[in-house]
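Chemist: If you read the sequence shown in the numbering used here, its first letter stands for residue 32, the second for the next number, and so on. We treat Cβ as the ideally placed atom computed from N, Cα and C, and that holds for glycine. Because the structure is a prediction, the values reported are computed rather than measured. Could you have a look at this structure, given as C-alpha cells, before my questions?
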Amino acid sequence: MAIAYLASALRRNGHDAVLLDGMLEDWTDEETVNRILNERSDAVGFTTVLQKFPTNLGKITALLYDSGFRGPIVVGGHAVSFFARSILEQVPTIDGVVRGEGEQTIVAIADALATGRDWRDAPGVAFRRNDQVIEQPVRRIRNLDELGNPARDLTADVIRRDGLVAVSTSRGCHARCSFCSVPRFYGLENGRRLAAGDWLARDPEGCAREIASLHDRFGLREILVVDDEFFGGGQEGRARANVFARELSALNLPVSFAMSCRAENAVPELIEPLARAGLAHVFIGLEAGSGADLKLYGKGHSVEQNVAAVRTVKSLGLSFQPGFMLFNYRSTLDTVQLGLDFLKEIGELKPTTINSAVDPHYGAPLTADMRRQGQLNEGALEMTSSYLDPGVAIVKAVASISAEKFISFMNFIATAQSAITYEWRRRPPARTDETQRVLDAFEESANRMLSQPVLRSLRLIRHGGKTPGEILTEAIVEIDEAVDDLKVKQSLVAIYLQQREGGIRYVSQLDLIDRYNTSNARQEVDGGRFNLV
Numbered sequence: 032m033a034i035a036y037l038a039s040a041l042r043r044n045g046h047d048a049v050l051l052d053g054m055l056e057d058w059t060d061e062e063t064v065n066r067i068l069n070e071r072s073d074a075v076g077f078t079t080v081l082q083k084f085p086t087n088l089g090k091i092t093a094l095l096y097d098s099g100f101r102g103p104i105v106v107g108g109h110a111v112s113f114f115a116r117s118i119l120e121q122v123p124t125i126d127g128v129v130r131g132e133g134e135q136t137i138v139a140i141a142d143a144l145a146t147g148r149d150w151r152d153a154p155g156v157a158f159r160r161n162d163q164v165i166e167q168p169v170r171r172i173r174n175l176d177e178l179g180n181p182a183r184d185l186t187a188d189v190i191r192r193d194g195l196v197a198v199s200t201s202r203g204c205h206a207r208c209s210f211c212s213v214p215r216f217y218g219l220e221n222g223r224r225l226a227a228g229d230w231l232a233r234d235p236e237g238c239a240r241e242i243a244s245l246h247d248r249f250g251l252r253e254i255l256v257v258d259d260e261f262f263g264g265g266q267e268g269r270a271r272a273n274v275f276a277r278e279l280s281a282l283n284l285p286v287s288f289a290m291s292c293r294a295e296n297a298v299p300e301l302i303e304p305l306a307r308a309g310l311a312h313v314f315i316g317l318e319a320g321s322g323a324d325l326k327l328y329g330k331g332h333s334v335e336q337n338v339a340a341v342r343t344v345k346s347l348g349l350s351f352q353p354g355f356m357l358f359n360y361r362s363t364l365d366t367v368q369l370g371l372d373f374l375k376e377i378g379e380l381k382p383t384t385i386n387s388a389v390d391p392h393y394g395a396p397l398t399a400d401m402r403r404q405g406q407l408n409e410g411a412l413e414m415t416s417s418y419l420d421p422g423v424a425i426v427k428a429v430a431s432i433s434a435e436k437f438i439s440f441m442n443f444i445a446t447a448q449s450a451i452t453y454e455w456r457r458r459p460p461a462r463t464d465e466t467q468r469v470l471d472a473f474e475e476s477a478n479r480m481l482s483q484p485v486l487r488s489l490r491l492i493r494h495g496g497k498t499p500g501e502i503l504t505e506a507i508v509e510i511d512e513a514v515d516d517l518k519v520k521q522s523l524v525a526i527y528l529q530q531r532e533g534g535i536r537y538v539s540q541l542d543l544i545d546r547y548n549t550s551n552a553r554q555e556v557d558g559g560r561f562n563l564v
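Take a look at the structure:
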C-alpha cells in the first residue's frame, strides 16, 4: 500500500511514477537493479516493511551506484523512521531516509528535483551534510480523504499471484501499548521521543466505494483492510464502523474482507454488522493470557475481555487469528503456564502461536526497558532480545524447534485447505463434510502432537530433577517422533484426497473470480440475453 499511495500522490501533483515490486515478482537483487535502471528515473525510493534494515537493500543500492545511477536514493517505512541516523551512518549508498508518512515528502522531493532546488529540504527527510546527519521535522497528514485512492498498477499482479489486495481506511492507533511503535510513528511530528499521534480515519462511504471500484475493475473477491486498529478508541470510531458496514452491505458485493482490532472492540454490536457486510476474518490483538503480561504490554484490557472477544468472533463463524506474545524478556514459568492455559481455553494451542514472543521494536517504550534490564542485543541496524529466566529460555528453545518442524505440515494444510492467510481459508465447492472432518482431524493432530513437547518441557523445568540439556534433548526426541508419525498421517490424508477429490488442488482467488463470472454469464443467458464484459 505504501508505494501505491506514494505513486498516486506524485501523479496527482504532475509527476511520473513507476511502481516496481521485487518481493511480489521474486526478483534477484541484480534483476531489481536492472529493472530500476531501465526506467531511467530521476530518483529511486524504497519502502521497507520489516522491523530491521533489510540486508539486501544495502547491496541493491550499492549495485545501483556502481552502475552509474546518481539520482537521490531514499528509503522509507515504519521501522526505519526510528533509526534513520544509523542507516545513514552505516549505508553510504542511501542518500536520505523519509521519516513518517511519505506522501507529502515524496511530492516535495519531486518538486525540488523538477525546479533545481535542494530535495533534502523536504519535510521528514533525514540526510547527511558535512558528515553530520540532519533530520527535517516530520509533518503529519491530517486529512486522509485528501490523499485520494492509491495507484493500482500492481493489483492485477497481486491477484495473479494469489496475494491479498489491500485497502486502508484509517491510520494509527488510539492505544498506547508498550511493545508497539505504531502510535509513536504517527507522533513523530511532535518532535519528542515516544510521543504518540492520533488515530485518523477516512470517510467510510468513500472506503466502501473504493472496495466496489476494485471489484468492478478487477473482479476481486477478497480484500485485506490493513488498518492497525479498525475501530479507533471512541464512539466516533465505532459509529464510523457501523456506517462502513451499512454502506458496504447496501452495495451487496460478493467480496469478503479481513481486518484487525483490539479485544475491547470485538463485541457483537460492532462485529455482527460487519459480518453481514462481508467480514470473514478477524485478527485480534490479544497479546497475552495473564494479567501480569497484559500489564507489562500496556494493553488496558483483561484476560476475560480477551476470552469474550474470541467467543464473539468464533460464534459468528468467522475465521480468527490471535495476535499473541507468549514469551517476553520478563517471562516467568508461571506467566508462560498461564499463557498456555489461556491458549488451550480459546482453542488456539498451536505450535506457531506458542512460539510467539515480543520482538524489540524501534520506537516502542518496552524496548527501552529491555535495554535497562540488560536483555536487549543491539546491532547497528537490528535488535534481538533475551530472557531473564533461564528456564523460560529453555521452553522458548523447545517452542522454536517445534514450530520449525510444524512448517512443512502447515504448508500441506494451507494447500489442502486453500488458505488465504493460514487461518482464513476457501472451502472448495465440491468438498464434502466428511472430507473436511478428515482434514480438520489431521490439523488437530499436528497442533496437539507438536505442542506437547513444549508443555512437557515446562512441567519438567517446574518440577526440577533434570538439567536443561537433558530436557532439551528429550524434547527433540519427542518432536522427531511426532514428526515421523505426522508424516505417515499426512501421506494417508493425501491418498484420501486423491481418492475423494482427485488430488490436492489449491483454490485461488482467480478460481473464485472465474467461477463468479461464469455464473453471472450463465444467469444472463438464462435471462434471454448475453452480455459478458
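Please confirm whether Y393 and F113 have their CB atoms less than 8 Å apart.
Modeler: yes
Chemist: According to DSSP, is G316 part of a helix, a strand, or is it coil?
Modeler: Strand, per DSSP.
Chemist: Taking the beta carbon of L523 as the centre, do at least 16 other beta carbons fall within 10 Å, making it buried, or is it exposed?
Modeler: exposed
Chemist: Taking the alpha carbon of Q530 as the point to measure from, which residue in E465, E474, N337 has its own alpha carbon closest?
Modeler: With distances taken between CA atoms, Q530 lies nearest to E465 out of E465, E474, N337.
Chemist: Less than 8 Å between the beta carbons of A115 and L81, yes or no?
Modeler: Taking 8 Å as the cut-off, the beta carbon of A115 is found no closer than this to the beta carbon of L81.
Chemist: What residue range does the alpha helix (DSSP H) around P577 cover?
Modeler: This structure cannot speak to residue 577, because the chain is shown only from 32 to 564.
Chemist: Spell out a yes or no on whether the region 350-358 and the region 225-241 are touching, meaning 3 or more CB-CB pairs, one atom from each, closer than 8 Å.
Modeler: Short answer: they don't touch.
Chemist: Just the C-alpha distance for R202 and D516, rounded to the nearest angstrom, thanks.
Modeler: Between the C-alpha atoms of R202 and D516 there is a straight-line separation of about 46 Å.
Chemist: Should V556 be labelled buried (16 or more other beta-carbon atoms within 10 Å of its own) or exposed?
Modeler: Caution applies to V556, whose pLDDT of 44 falls short of 50 and renders its modelled position unreliable; the model cannot decide the point.
Chemist: Suppose you measure from the CA of R546 to the CA of R361; what does that come to, to the nearest Å?
Modeler: 51 Å
Chemist: H494 to G322, Cα distance in whole Å?
Modeler: 24 Å
Chemist: Quick check on the burial criterion: 16 or more other C-beta atoms within 10 angstroms. Buried or exposed for R148?
Modeler: exposed
Chemist: Report yes if the CB atom of I510 is closer than 8 Å to the CB atom of S433, and no otherwise.
Modeler: yes
Chemist: Please state the DSSP three-state secondary structure of Q352.
Modeler: strand
Chemist: Please return the same chain residues whose Cβ sits closer than 8 Å to the Cβ of L489, not counting the five positions on each side in sequence.
Modeler: Once the five neighbours on either side are set aside, the close Cβ partners of L489 are L364, V367, Q368, L371, V426.
Chemist: Would you grab the beta carbon distance between S98 and V64 for me? Rounded to a whole angstrom, and I think it's under 8 Å.
Modeler: Their Cβ separation, rounded to whole angstroms, is 6 Å, which keeps S98 and V64 in contact under 8 Å.
Chemist: Could you tell me which residues DSSP puts in a beta bridge with E253?
Modeler: According to DSSP, E253 bridges with S287.
Chemist: So, using beta-carbon positions, are V189 and R130 closer together than 8 Å?
Modeler: Cβ distance not < 8 Å, so V189 and R130 don't count as in contact.
Chemist: Check M32 in the structure and name its three-state DSSP category.
Modeler: Three-state DSSP puts M32 in coil, outside helix and strand.
Chemist: Is DSSP giving I429 helix, strand or coil here?
Modeler: It is Val, not Ile, that sits at residue 429 in the sequence shown. If DSSP states are grouped into helix, strand and coil, V429 belongs with the helices.
Chemist: Using 10 angstroms around the beta-carbon of A472, count the other beta-carbons present and answer buried if the total reaches 16, otherwise exposed.
Modeler: exposed
Chemist: Would DSSP call G76 helix, strand or coil?
Modeler: strand
Chemist: In this structure, how does DSSP classify I385 when only helix, strand and coil are distinguished?
Modeler: I385 falls in the helix class under three-state DSSP.
Chemist: Using only the alpha-carbon positions, how far apart do A141 and G534 sit?
Modeler: 53 Å
Chemist: According to the Cβ coordinates, are V538 and P421 closer than 8 Å?
Modeler: no
Chemist: Which residues mark the beginning and the end of the beta strand (DSSP E) in which G370 is found?
Modeler: Careful: G370 lies outside any beta strand (DSSP E), inside the alpha helix (DSSP H) at 364-376.
Chemist: Taking 8 Å as the cut-off, does the region 204-220 touch the region 388-402 (at least 3 CB pairs, one atom from each stretch)?
Modeler: Touching, yes, given that three or more Cβ pairs across the two stretches are closer than 8 Å.
Chemist: DSSP three-state call for R277: helix, strand or coil?
Modeler: helix
Chemist: Kindly indicate the opening and closing residues of the alpha helix (DSSP H) around T92.
Modeler: 86-97
Chemist: Which one of M480, Q448, P382 has the shortest CA to CA distance from E435?
Modeler: P382
Chemist: Where S244 and A197 are concerned, what is the direct C-alpha to C-alpha distance, given to the nearest angstrom?
Modeler: So the alpha carbons of these two residues sit roughly 13 Å apart.
Chemist: Which residues share a DSSP beta bridge with T466?
Modeler: Answer is none; T466 lacks a bridge partner.
Chemist: Looking only at its own chain, which residues have a Cβ that is under 6 Å from the Cβ of N180, when we skip the five neighbours before and after it?
Modeler: Closer than 6 Å at Cβ, skipping near neighbours: E241.
Chemist: Counting only the same chain and skipping the five closest in sequence on each side, list residues whose C-beta sits under 7 Å from that of C238.
Modeler: V198, T200, F275
Chemist: If I follow the unbroken alpha helix (DSSP H) through I104, where does it start and stop?
Modeler: Per DSSP, I104 is not a residue of any alpha helix (DSSP H); the beta strand (DSSP E) it occupies stretches across 104-108.
Chemist: Count the other CB atoms, across all protein chains shown, that sit within 10 Å of the CB of G405; report buried if there are 16 or more and exposed otherwise.
Modeler: exposed
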